[in-house]
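Taking it in order: structure first as structure tokens, then the write-up.
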Amino acid sequence: MTLRPPFFTIALLSSAMLAYEILLMRLFSIIQWHHFAYMIISLALLGFGASGTFVSIFRKVLFKHFSIAFLMNIGLFAVSSVCCFLLAQSIPFNPDEILWDKQQPLRLLGIYLLLALPFFFAANAIALALTYFHDRIARIYAFDLIGAGIGSLGIVALLFFTMPLQALVIIACIGLMAAAVATWELNIKARGWVFAALAITGTGLIFLDARSELQISPYKELSQMLRISGTEVVSEHSSPLGLLSVLHSHTIPLRHAPGLSLNASGEPPAQVAVFTDGGGMTAITHETGKPEDYAYLDQITSAAPFHLFQPKQVLVLGAGGGSSILQARYHAVPQIDAVELNPQLIKLLREDYADYTGHLLNTENIRLHPGEARGFVTGTSTQYDLIEVALLDSFAASSAGLYALNESYLYTVEALQAMLKKLQPDGYLVITRWIKLPPRDTLKLFATAVDALKNMGVENPGQQLLFLRSWQTGTLLIKNSAVTQEEITALKKFTNDRSFDLAWYPGIQPDEANQFNQLAEPYFHQAAAAILSDEREAFFKRYKFSLQPATDDRPHFFHFFKWSVLPEILSLRDKGGLPLLEGGYLVLVATLAQAIIASVVLILLPLFFTRKEKQPANPVNKGWVMVYFISVGLAFLFIEIAFIQKFILFLHHPLYAVALVLTAFLIFAGLGSSFSWRLVQGDYYQHAITIAVTGIIVLGFLYIFFMETVFAHFISLSMAIKIPLTLLMIAPLAFFMGMPFPLALAKLGDIAPNMIPWAWGVNGCASVVSAVLATLLAISIGFNAVIFSALVLYGLAWLSFPEKRIANIQ
Amino acid sequence: MRFLKFGLQLLCGIFFLTFLTAASIAADDPDPYAKKRAAMINVIEQDVRAGYVALEEGELDDEVTKALGRVPRHKFIPQHLRQAAYQNRPLPIGHGQTISQPYIVAIMTHLLHVDKNDRVLEIGTGSGYQVAVLAELVKKVYSIEIIEPLGKQAENLLQRLGYENIELAIGDGYYGWEEHAPFDAIIVTAAASHIPPPLIKQLKPGGRMLIPVGSRFMVQELLLVQKSASGAVTTRQMLPVAFVPLTGKH
Numbered sequence: 011m012t013l014r015p016p017f018f019t020i021a022l023l024s025s026a027m028l029a030y031e032i033l034l035m036r037l038f039s040i041i042q043w044h045h046f047a048y049m050i051i052s053l054a055l056l057g058f059g060a061s062g063t064f065v066s067i068f069r070k071v072l073f074k075h076f077s078i079a080f081l082m083n084i085g086l087f088a089v090s091s092v093c094c095f096l097l098a099q100s101i102p103f104n105p106d107e108i109l110w111d112k113q114q115p116l117r118l119l120g121i122y123l124l125l126a127l128p129f130f131f132a133a134n135a136i137a138l139a140l141t142y143f144h145d146r147i148a149r150i151y152a153f154d155l156i157g158a159g160i161g162s163l164g165i166v167a168l169l170f171f172t173m174p175l176q177a178l179v180i181i182a183c184i185g186l187m188a189a190a191v192a193t194w195e196l197n198i199k200a201r202g203w204v205f206a207a208l209a210i211t212g213t214g215l216i217f218l219d220a221r222s223e224l225q226i227s228p229y230k231e232l233s234q235m236l237r238i239s240g241t242e243v244v245s246e247h248s249s250p251l252g253l254l255s256v257l258h259s260h261t262i263p264l265r266h267a268p269g270l271s272l273n274a275s276g277e278p279p280a281q282v283a284v285f286t287d288g289g290g291m292t293a294i295t296h297e298t299g300k301p302e303d304y305a306y307l308d309q310i311t312s313a314a315p316f317h318l319f320q321p322k323q324v325l326v327l328g329a330g331g332g333s334s335i336l337q338a339r340y341h342a343v344p345q346i347d348a349v350e351l352n353p354q355l356i357k358l359l360r361e362d363y364a365d366y367t368g369h370l371l372n373t374e375n376i377r378l379h380p381g382e383a384r385g386f387v388t389g390t391s392t393q394y395d396l397i398e399v400a401l402l403d404s405f406a407a408s409s410a411g412l413y414a415l416n417e418s419y420l421y422t423v424e425a426l427q428a429m430l431k432k433l434q435p436d437g438y439l440v441i442t443r444w445i446k447l448p449p450r451d452t453l454k455l456f457a458t459a460v461d462a463l464k465n466m467g468v469e470n471p472g473q474q475l476l477f478l479r480s481w482q483t484g485t486l487l488i489k490n491s492a493v494t495q496e497e498i499t500a501l502k503k504f505t506n507d508r509s510f511d512l513a514w515y516p517g518i519q520p521d522e523a524n525q526f527n528q529l530a531e532p533y534f535h536q537a538a539a540a541i542l543s544d545e546r547e548a549f550f551k552r553y554k555f556s557l558q559p560a561t562d563d564r565p566h567f568f569h570f571f572k573w574s575v576l577p578e579i580l581s582l583r584d585k586g587g588l589p590l591l592e593g594g595y596l597v598l599v600a601t602l603a604q605a606i607i608a609s610v611v612l613i614l615l616p617l618f619f620t621r622k623e624k625q626p627a628n629p630v631n632k633g634w635v636m637v638y639f640i641s642v643g644l645a646f647l648f649i650e651i652a653f654i655q656k657f658i659l660f661l662h663h664p665l666y667a668v669a670l671v672l673t674a675f676l677i678f679a680g681l682g683s684s685f686s687w688r689l690v691q692g693d694y695y696q697h698a699i700t701i702a703v704t705g706i707i708v709l710g711f712l713y714i715f716f717m718e719t720v721f722a723h724f725i726s727l728s729m730a731i732k733i734p735l736t737l738l739m740i741a742p743l744a745f746f747m748g749m750p751f752p753l754a755l756a757k758l759g760d761i762a763p764n765m766i767p768w769a770w771g772v773n774g775c776a777s778v779v780s781a782v783l784a785t786l787l788a789i790s791i792g793f794n795a796v797i798f799s800a801l802v803l804y805g806l807a808w809l810s811f812p813e814k815r816i817a818n819i820q
Numbered sequence: 018m019r020f021l022k023f024g025l026q027l028l029c030g031i032f033f034l035t036f037l038t039a040a041s042i043a044a045d046d047p048d049p050y051a052k053k054r055a056a057m058i059n060v061i062e063q064d065v066r067a068g069y070v071a072l073e074e075g076e077l078d079d080e081v082t083k084a085l086g087r088v089p090r091h092k093f094i095p096q097h098l099r100q101a102a103y104q105n106r107p108l109p110i111g112h113g114q115t116i117s118q119p120y121i122v123a124i125m126t127h128l129l130h131v132d133k134n135d136r137v138l139e140i141g142t143g144s145g146y147q148v149a150v151l152a153e154l155v156k157k158v159y160s161i162e163i164i165e166p167l168g169k170q171a172e173n174l175l176q177r178l179g180y181e182n183i184e185l186a187i188g189d190g191y192y193g194w195e196e197h198a199p200f201d202a203i204i205v206t207a208a209a210s211h212i213p214p215p216l217i218k219q220l221k222p223g224g225r226m227l228i229p230v231g232s233r234f235m236v237q238e239l240l241l242v243q244k245s246a247s248g249a250v251t252t253r254q255m256l257p258v259a260f261v262p263l264t265g266k267h
């Protein structure tokens, strides 16, 4: 009896696998740190590449028992998805010790290998199906993509309703369901027994999962806090944006007041701590009814603008636990608007801690807007007196350079311009950042402000800037017009009273800049003066950290690393020099290096094992096949990742943009793949690949040149219009992008079916490398250039399409 | 017969005593770590001489290096990590805490500019190593630890090592130790969102407070708070390393 391809099994398995990938990222961001989570999951995804290698080598045995092998791999995916994570999290890996402790790299390797297993099993099943039913490749691949699209959307929804560990077992159960569907699709005879085995496995996994807990690194902020007696986590709230943990400290007050003046005498009222993924603490402050209890909020650098003028309408970007709102209230601002991205944090403030905060957010003159800051600024029609970008990330994460891979659309030149446009003519934009040594963030911010002002036609930006610092925080004030002498006098009094230093005001003398918080040299002032002068570029070149302003095309504000300084820092390793390393970027580079090395091994291994096999009469040039699948693998993710970034800016919500763009790409690519099947029916390969590549290149160039214009036109409209527009823009491009991979696989199915699993593996490896490479490229050349590179790669793919080579050989 | 019994008892007694003495010599005298400790100090001194700019003197205070030479660092480290005790690196000591890199301990101790008649306060006892080093140099050290098991562990160890000029407490260090204030020097190794104002108050005019800023394994910067004779407070922010962010002319 001939088997029919298990389309629905593939779709279900694929959705579980993609959901698992996104969930693992969440889980590891909670127990470890985000950038290591990224590295671990990237490398685990090489399980895809390994599956190609495995199926290539053991093809004959696997085909002999296809149904069992297919079913077993799905079952193993389900079991390993839960077990491997639980095992991996119990490995005591500590990234901080990696350069000292020889065991740490081994532990890391152990984690990679464990987590690669679930992907390996799932990808085995898909590779087997693609090879076994090679005449139906395009349709199978279509189901694979559409399933993945549904999975990416599904996990976002799931994380709103379940805790991350519960989501883990749900995904495993979806895997088991896929196995159950497979028994039906593949007409397996002993179905009853298989069902029973699946049910027992599922029960076992649920039991195991229910008894497990997340093992958060002992060095994360939350773990550290829990060491103190009298502290407990009273509630946890999961969402795709992060796991919020609310901590009460019963015996020792939290006293969260970063940047407090050395001359301050009071301390904050009682507070409750809220951690995101075990870090990034923000405090919810108790309402005492006594305004003087909040005087500490006047003792930090961000209070400066309130001493220069009396703003009537203030906008706080990033409400967090509400301390910036309290600061504005302390300074008697009549109308306060605030924006907060995380709806669960808003719920905490509005509902759970409404009494505790004295119904702060239910006060008439305080409005909290759920949403993303940049989007709110773009959309609002209000002109504010003061816009404040709050300091929400933690010093620990910031100082270790952990954000290097993160894009931020809040600290770009265009973002500052957008904010300045929403200010009254005499209004101020105020941004506070942590002070790091040697100075980084605040200087880049200063340079960004200078560029924003210049772009807005200000001839002398220095006249509109004020810059002050404590030992801990630095605050930049950007005025919409020239700063007045009265304001400078008021600022000097403010800083003197609090022992803060001035780094810049129009007319500042160098000896004023290093009085209370002394550095070896007045670095902040020197840098500010250099950035405003003609020798700015020379200064940037000389400085040992990258200070070039971030833009919307290169939104990596937190990227400060320069290769030229690496040898010097490494030579200072034993002399306390390691913290100078901007870890995040190097982790990215290390990820890429490991991924490339592992990929080369995985790609070459099958060639070694199959070298003795008899060559078919009509050999296919393996080199060109490799070039083709590498190009397509790299290009697909280049475009997908660049588009996610572009649409974050358009849709103004990182989470929804990622979910929507990813789902749209996968589903429309799935439809494209399905359509390519029709073309293949008539053996029009060459014709089809030409259409696909031409479509991609033409549309790609259109987007590079016109996307920003389209965005500018529609950006202020409601989501009801922007979401369909997003789908409309992605659909045609994704449709064409879904075609090259299955077209070439189908062609291989015709001329060299044995090569299908290998090509699948090559593509899997290239996809892993691509995701990391895209980010590295975006950091140095920008997202438009990443899209352009992808188009070049598609061109290369067209040139190396298997059929073309065959023709040449013949 | 009685003589024989007495003789045997005597023999046993002598044998037992000899055994005890031999055992105690074996436990006390040969310090298997002495060489490693000397080597560690050598490395630290070289690193400092190689150009750590923030020390105006150019090299470590002799008294500080001597103190480091006297404190058995390996005893402050969990058994399974002892072989790394004298390597120039921070080590985990359990409870999510670490013992600082010896190089950083040396520099911090030096920067405190302590004198043998000084009274010093430490917030964050941790392993107790820093207290022990300070106790070698000053009249009295007070130290407060917030994590109870860690505080008790340090207390036991320091008692066993025979330090008599150390007083430990378990609890919240935010308000310092009013009873023994003011202090000539204060060192704050516990993470806090800001410098507790009560600690600044408990610093003597002319006194120095040192705060390492950063993560458990990596000190980003050293913050030195100085109180002038008139009571004015300033900070000096230093890197723990010789690194100048600007090169060439500026």
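Residue numbers (the numbering used here), protein chains in the order written: chain X, 11 to 820; chain F, 18 to 267. Each residue gets a CB set at the ideal place from its N, CA and C atoms; glycine is no exception. Computed from a predicted structure; not experimentally measured.
- The secondary-structure analysis by DSSP pairs H258 (chain X) across a beta bridge with X:E242.
- Straight through space, the alpha carbons of L486 (chain X) and K230 (chain X) are spaced by roughly 29 Å.
- Around the C-beta of E238 (chain F), 16 or more other C-beta atoms lie within 10 Å, and the residue is accordingly described as buried.
- Of all residues in the region 237-253 of chain X, the ones placed with a Cβ closer than 8 Å to any Cβ belonging to chain F are R237, I238 and S239, in chain order.
- One finds G113, S232, R233 and F234 in chain F with Cβ atoms closer than 8 Å to the Cβ of Y229 (chain X), taken in chain order.
- The continuous stretches of beta strand (DSSP E) do not include F143 (chain X), and DSSP gives it neither H nor E.
- Among the residues of chain F, those whose CB is under 9 Å from the CB of P448 (chain X) are L256, F260, V261, P262 and L263, following chain order.
- Residue state for S222 (chain X) is assigned as coil, using DSSP reduced to three classes.
- Of the candidates X:M49, X:C775, X:E242 and X:P353, the residue whose Cα lies closest to the Cα of L647 (chain X) is X:C775.
- In the three-state reduction of the DSSP assignment, M49 (chain X) falls in the helix class.
- Here H266 (chain X) is buried. Its C-beta has 16 or more other C-beta atoms within 10 Å.
- Using a CB distance below 9 Å, the part of the region 262-277 of chain X facing chain F consists of I262, P263, L264, R265, H266, A267, P268, G269, L270, S271, L272, N273, A274, S275, G276 and E277, ordered along the chain.
- Counted as a single uninterrupted DSSP element, the alpha helix (DSSP H) harbouring H127 (chain F) occupies residues P119 to L128.
- Flagged as an interface residue toward chain F: Q528 (chain X), by a C-beta distance shorter than 8 Å.
- Taking the Cα positions, L358 (chain X) is about 24 Å away from H341 (chain X).
- In the structure shown, G188 (chain F) adopts coil according to DSSP, grouped into three states.
- Judged by their CB atoms, L186 (chain X) and Y122 (chain X) are not nearer to each other than the 8 Å cut-off.
- Shown here, H44 (chain X) sits in a helix according to DSSP, grouped into three states.
- Within the same chain, F653, I654 and F657 come within 6 Å of V671 (chain X) by CB-CB distance, once the 5 residues on both sides are set aside.
- Just so you know, the alpha carbons of V244 (chain X) and F550 (chain X) end up roughly 48 Å apart.
- For E139 (chain F), the beta-bridge partners assigned by DSSP are F:S160 and F:I204.
- Taking C-beta atoms as the reference points, S24 (chain X) and G157 (chain X) count as a pair closer than 8 Å.
- Between the region 468-486 of chain X and the region 257-273 of chain X there are three or more inter-stretch CB-CB distances shorter than 8 Å, so the stretches are counted as touching.
- The C-alpha of I699 (chain X) lies about 9 Å from the C-alpha of A807 (chain X).
- If you check each beta-carbon in the region 184-200 of chain F against every beta-carbon of chain X, the ones closer than 7 Å belong to D189 and Y191.
- Among the CB atoms of chain X, one or more fall inside 8 Å of the CB of Y120 (chain F).
- Under the 8 Å Cβ criterion, the region 255-263 of chain F counts as touching the region 586-595 of chain X, having at least three qualifying pairs.
- Burial check for I607 (chain X): the Cβ neighbour count within 10 Å stays below 16, so the residue is exposed.
- The beta carbons of H127 (chain F) and V81 (chain F) sit about 5 Å from each other, so the pair counts as a contact at 8 Å.
- Around the beta carbon of E153 (chain F), a 10 Å sphere encloses 16 or more other beta carbons of the protein chains shown; the residue is thus reported as buried.
- For N631 (chain X), the secondary structure class from DSSP, reduced to helix, strand or coil, is coil.
- Short of 6 Å from the beta carbon of P449 (chain X), and not among the five residues preceding or following it, lie these beta carbons of its own chain, in chain order: Y533 and F534.
- The contact set of R443 (chain X) on chain F, defined by CB atoms closer than 9 Å, is empty, because the minimum CB distance reaches about 15 Å.
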